[in-house]
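First comes the structure, then the notes that go with it.
Residue numbers (this note's numbering), protein chains in the order written: chain A, 26 to 189; chain R, 22 to 781; chain H, 3 to 253.
So, in structure tokens, the structure goes:
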């Protein structure tokens, strides 16, 4: 059962505004696997394989989802946004900057998933309350920070956006 | 966050005392940082491990022919492919690389074989095709049976890892007030997010290899790998792959040797990346423990004597069990004065999952017991939780139960008083948002169902390695034409050492740009990123190397610019001759100069304990107090931790936000142990090896943390700082337990406290 | 996908329903006072807005499903296809006497909730059939859902309950999750409560009656011990949840 024999699916994914052909894929591959191992986009991370940690969060057709739970071949014809698609020309978004300034990054493994989830949160609700922030991010597990610095980062972004 | 002293004397960005930016920060927020699981190589194969489904069984046969017949499978390795030492281990070389035919597997999940193939799915199918015939044996799962000697010996090296007692003082003393209890601590998992992963690339000549791996201690890994592979250490280069958290779980070998064996046999690069379930089997956990303690106090509440027995279940292989046990028994007294003690500790081998290092390293277990006892003393004497502790606080100069004199800064009283001074949270309002109530959006409760409780925990934690271990760290500093670069083998696991190293170099050498060389084994050992030791140890080594380079630079500058050699110093980014007042920019003085120094830092030596547990076994200590406020749905047993107030003894603050992050993160892990985190093992089998069933605190479980950092320069520490990583997670667990006890009136002798412990 | 990631499922052929629009839609039929929800409508849609006003217990249950990311992708079709007793939406479908519309090679058919779930992960779906949509009535009266788990978010139900009080019919229905091989509809407790006559409009409920109702509800549960909790705790939970939901329904 070599990789060739596992499958020979051919499809195209739209990721970060670009079309990415996928060839000779096994039908059972998750979107997370295909992004990381076939498309060279390792920003989404795998840490549980069952939607319980949020490290693999990507935005699919304006919804934040766990890419480990999406069958890649079923993501054809959707618009996918990963952490690599944030920030223009390699610049940091205000959310990424705030994570750095507030100390929201330690080991950094949960960080890409959090960054995508926070972008999605503030796009859909620009001024969430603290309770709303906590609930909206409750699907993203962080083992290092205890969430305090991440909460601070989100609050910094909200107040800076308010001020401007 | 507040601090007791101003933290910063320099305003220059990125120096010691400032909130420097992490050198890995930008890559981490952009998703470009290369964790070990992101490593990739041309022509790479995937590796996977076959594990025993039985906790104790004899291997009769292994047939890998069906696996090898699968197209895409490159090779299979088993015990007979191990060319060198078939065992490994940090303290005792007792753990097989693979369980061999004729030998036994000793825990559920023990590796038997590994495969390399062209796709992860092919690997899965190959593992399923390997036929292993077992003769199933009855597992030893009750650690008490190893103490009493009724368990059959399950390993040639016996069922007892260590038995040690501590006896000191007049044992005939009887207190006016006596309280006792038997406490249980469940098996906690480190649950780092970045799963185990390694990429091995064989040398073209076939003699050696390169291994990219997420680990806590590159050189120790290399030593054990070399012995197993029977290859000289200098033929193996270990490079730190990006580490997604560690917390003790990466101190032992997991997939290192397997990955190397597959790469050497196939002649191709091989990466093994564990999934979450395999990770639960692949690394050691926090020891479950049963601790009996009896405190004798006089009627004023002064502790007169402590008696204790501690039983730690080390599981199938030794790992660091003996050291964990010593940490536990030597912290029996906690941060309190005590002249008389009788403690007996056991760490034993069973067919349960192997246990070893986790943040707090034995002290977590001891602290849960002694702080539960302090709660009982407080009730028995009618003293407040604060008062009973204040009447016993340890001070610098006190003699510990091991006979060692406390020569660290020991601001225990200040920790308690500062914590006590932190404002209590607002009461739960009748119209509180559902997310602030235990049970949350499950809509189980309304504010009227909730009872609030307050509890305390205070702890002492040793820093660095103990018991005579020659613990050192190495760093190299180069200054080449004004460019400073640092090299060390210190594992950056997320704690921010790479940032700290830059801060040290900027401060000492008066430069702004500091380059970091690859973290690998091309420089001396840095020791392990554990035991709250790297800021002190590798920080000490970087400081020493930078200072040597600075001396060389001064020599050069004094000659070149005719400065008074004995009167030059660094001020900001200049060399200043304080006699003449002349200033030369470091950038100017270092032009065309090549300086290169490698230094080792060793901490002061320690001693083994004698048969009565006496000896100067620890290097230094740090202290912390926690006050927990919890809301409890008493009828359903659901808990929400509302606020943790804490004051921590941190020495000099080198990076305020980093300290804050360590404190908050440690508190979340201690909260996990208090109310939700436990690996459930029944009949030797893990019942919940997933994040669906091993629950970690979420954003909605994290409490408000109010902290005071007690900043007092620690004279013994090279930078004046104490390690801050472990203390936050230690006494917060009993503080939360005591708060739940306060709310419910129940004894609750075990953690994690399950809902049914509260309401049934 | 979890089955593939973790449990060795090896799919050969996969049919994507992403473009079958009718599965992604929901509708309110005012004349019949029913809501019909396509099997691919995600929980995040049910949490708020009009659908939450019409079927509030479903909105409450939807909000407890997994994480926000799961709720953006998870559907009633998924809960019904899996048919785990811990499926968060299922007690609501039971208490509301939902009708499940199936479609398959033989055409379409409607199955009442009571005939749909047959056991742990067993349902009435025939070979090649899948869930098209689900119809629930819009009830005049109170409805509510509650779920016990050991952390404050993203948790599988240790026990759950949905209580619906139909003031027009003078009926209370209650269904339990995670305390038996199927969702348990507590018909004995419902019957007992009707006999007490306490469901008349304006009736006051005393605490003893609520406690007794909880006790009778828990008698109908058949929970087990497992790694997530104990049978005794689960039984206790549904008693407390039933008691609290009843009090809320009459408040």
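Using N, Cα and C, we set each Cβ at its ideal position, and we do this for glycine too.
In this text, all values refer to a predicted model and were calculated from it rather than measured experimentally.
Considering only the beta carbon of each residue, do residue i and residue j sit closer than 9 angstroms?
{"i": "residue 731 of chain R", "j": "residue 652 of chain R", "result": "no"}
{"i": "residue 82 of chain R", "j": "residue 126 of chain R", "result": "no"}
{"i": "residue 170 of chain A", "j": "residue 746 of chain R", "result": "no"}
{"i": "residue 268 of chain R", "j": "residue 710 of chain R", "result": "no"}
{"i": "residue 143 of chain A", "j": "residue 188 of chain A", "result": "no"}
{"i": "residue 263 of chain R", "j": "residue 107 of chain A", "result": "no"}
{"i": "residue 402 of chain R", "j": "residue 198 of chain R", "result": "yes"}
{"i": "residue 77 of chain A", "j": "residue 70 of chain H", "result": "no"}
{"i": "residue 326 of chain R", "j": "residue 362 of chain R", "result": "yes"}
{"i": "residue 132 of chain A", "j": "residue 214 of chain R", "result": "yes"}
{"i": "residue 512 of chain R", "j": "residue 675 of chain R", "result": "no"}
{"i": "residue 126 of chain H", "j": "residue 94 of chain H", "result": "no"}
{"i": "residue 630 of chain R", "j": "residue 662 of chain R", "result": "no"}
{"i": "residue 618 of chain R", "j": "residue 569 of chain R", "result": "yes"}
{"i": "residue 220 of chain H", "j": "residue 146 of chain H", "result": "no"}
Of the residues the options, which one's Cα is nearest the Cα of residue i?
{"i": "residue 85 of chain R", "options": "R:98, R:78 and R:92", "result": "R:98"}
{"i": "residue 562 of chain R", "options": "R:602, R:519, R:585 and R:621", "result": "R:621"}
{"i": "residue 151 of chain H", "options": "H:144, H:142, H:161 and H:143", "result": "H:161"}
{"i": "residue 755 of chain R", "options": "R:480, R:172, R:36 and R:32", "result": "R:480"}
{"i": "residue 291 of chain R", "options": "R:722, R:58 and R:624", "result": "R:58"}
{"i": "residue 459 of chain R", "options": "R:51, R:294 and R:696", "result": "R:696"}
{"i": "residue 78 of chain H", "options": "H:225, H:92, H:54 and H:3", "result": "H:92"}
{"i": "residue 628 of chain R", "options": "R:541, R:679, R:488 and R:201", "result": "R:488"}
{"i": "residue 104 of chain H", "options": "H:82, H:181 and H:121", "result": "H:82"}
{"i": "residue 122 of chain H", "options": "H:185, H:167 and H:210", "result": "H:185"}
{"i": "residue 519 of chain R", "options": "R:507, R:135, R:289 and R:743", "result": "R:507"}
{"i": "residue 726 of chain R", "options": "R:445, R:193, R:158 and R:626", "result": "R:445"}
{"i": "residue 218 of chain R", "options": "R:124, R:69, R:245 and R:100", "result": "R:69"}
{"i": "residue 174 of chain H", "options": "H:138, H:215 and H:182", "result": "H:215"}
{"i": "residue 684 of chain R", "options": "R:656, R:750, R:722 and R:704", "result": "R:750"}
{"i": "residue 131 of chain R", "options": "R:419, R:559, R:705 and R:285", "result": "R:705"}
Could you tell me the alpha carbon to alpha carbon distance between residue i and residue j, rounded to whole angstroms?
{"i": "residue 110 of chain R", "j": "residue 251 of chain R", "result": "16 angstroms"}
{"i": "residue 75 of chain H", "j": "residue 78 of chain R", "result": "43 angstroms"}
{"i": "residue 477 of chain R", "j": "residue 134 of chain H", "result": "55 angstroms"}
{"i": "residue 404 of chain R", "j": "residue 538 of chain R", "result": "56 angstroms"}
{"i": "residue 708 of chain R", "j": "residue 700 of chain R", "result": "7 angstroms"}
{"i": "residue 26 of chain A", "j": "residue 139 of chain R", "result": "Caution applies to residue 26 of chain A, whose pLDDT of 45 falls short of 50 and renders its modelled position unreliable; the model cannot decide the point."}
{"i": "residue 34 of chain A", "j": "residue 153 of chain H", "result": "41 angstroms"}
{"i": "residue 465 of chain R", "j": "residue 493 of chain R", "result": "53 angstroms"}
{"i": "residue 98 of chain H", "j": "residue 247 of chain H", "result": "15 angstroms"}
{"i": "residue 242 of chain H", "j": "residue 766 of chain R", "result": "20 angstroms"}
{"i": "residue 125 of chain A", "j": "residue 115 of chain A", "result": "16 angstroms"}
{"i": "residue 35 of chain R", "j": "residue 526 of chain R", "result": "10 angstroms"}
{"i": "residue 28 of chain R", "j": "residue 677 of chain R", "result": "Reliability fails at residue 28 of chain R, whose pLDDT of 48 lies under 50, so the model's placement of it is uncertain and no value is given."}
{"i": "residue 170 of chain H", "j": "residue 143 of chain H", "result": "8 angstroms"}
List the DSSP bridge partners of residue i.
{"i": "residue 82 of chain A", "result": "A:91"}
{"i": "residue 38 of chain H", "result": "H:29 and H:137"}
{"i": "residue 217 of chain R", "result": "DSSP, once it has assigned bridges, lists no residue as partnering residue 217 of chain R."}
{"i": "residue 188 of chain R", "result": "R:363"}
{"i": "residue 597 of chain R", "result": "R:590 and R:604"}
{"i": "residue 308 of chain R", "result": "Bridge partners of residue 308 of chain R: none, in fact."}
{"i": "residue 23 of chain R", "result": "R:729"}
{"i": "residue 376 of chain R", "result": "R:306"}
**OP:** Report the residues of the stretch 140-161 of chain H with a CB closer than 9 angstroms to any CB of chain R, ordered along the chain.
**Re:** Those would be 146, 147, 148, 149, 150, 151, 152, 153, 154, 155, 156, 157, 158, 159 and 160, in chain order.
**OP:** Please list the residues of the stretch 3-29 of chain H that have a C-beta atom closer than 8 angstroms to any C-beta atom in chain A, keeping them in chain order.
**Re:** Listed by position, the residues of the stretch 3-29 of chain H near chain A (Cβ gap below 8 angstroms) are 3, 4, 6, 7, 8, 11, 12, 13, 14, 15, 16, 18, 20 and 21.
**OP:** Report the residues of the stretch 88-118 of chain A with a CB closer than 8 angstroms to any CB of chain H, ordered along the chain.
**Re:** For the stretch 88-118 of chain A, which is checked against every Cβ of chain H, the residues closer than 8 angstroms are 88, 89, 90, 91, 93, 94, 95, 96, 98, 99, 101, 102 and 103.
**OP:** Using a Cβ-Cβ cut-off of less than 8 angstroms, give me the residues of the stretch 72-83 of chain H that come near chain A, in sequence order.
**Re:** Legend: CB atoms of the stretch 72-83 of chain H lying less than 8 angstroms from CB atoms of chain A belong to residues 72, 74 and 75.
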